[in-house]
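Visitor: Numbering of the sequence shown is given in our numbering, commencing with residue 13 and proceeding in unit increments.
C-beta atoms are modelled at their ideal positions from N, C-alpha and C, and glycine is treated no differently.
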Amino acid sequence: MPIVMIRGIDEMGFTVAFAAGGNDLTVIVEAMVGNTTDIGPQVVLDTLLLGDTAVKTLLETDKTLGGAVEDLFVTRMSGVKVFNLPHKHVLGAEWVVEMVLTD
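1) Taking DSSP's pairing of strands, which residues face His101 in a bridge?
2) Check whether the Cβ of Ala80 lies closer than 9 angstroms to any Cβ atom in chain D.
3) Taking Leu113 as the reference, which of Val102, Lys75, Gln54 has the closest Cα?
4) Which residue marks the beginning of the beta strand (DSSP E) containing Thr87, and which one marks its end?
5) To the nearest angstrom, how far is the alpha carbon of Ala29 from that of Gly63?
6) When DSSP builds the beta bridges, which residues end up paired with Gly46?
7) Which of the three DSSP states is assigned to Lys68 in this structure?
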């Protein structure tokens, strides 16, 4: 089973965003699916990158996160990458999500 988590807030442009009345937030979402030496994790990762089960598709299904934000959109996806964890390497990917916060 893949681990999908929010790594954290990336950056905020206070001067431009807040002066214009908007509160924009950039968040990094990561998925780690398993060891680089196994075939199964690659198959799982493929389903997270493309199609109906893609993380982008799932995140953009409810662009307000149930009313918690005004809007969101996924701007980037890293493609397949290797995360170096203590004592092992795992396959995964990262998505950059831009959010417009509600006032």
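Guide: Let's see:
1) Asn96
2) Absent from the structure is chain D; it holds one protein chain and no more.
3) Lys75
4) 81-89
5) Residue placement at Ala29 cannot be trusted, given a pLDDT of 45 that sits under 50; the coordinates are not used to answer.
6) Leu103
7) helix
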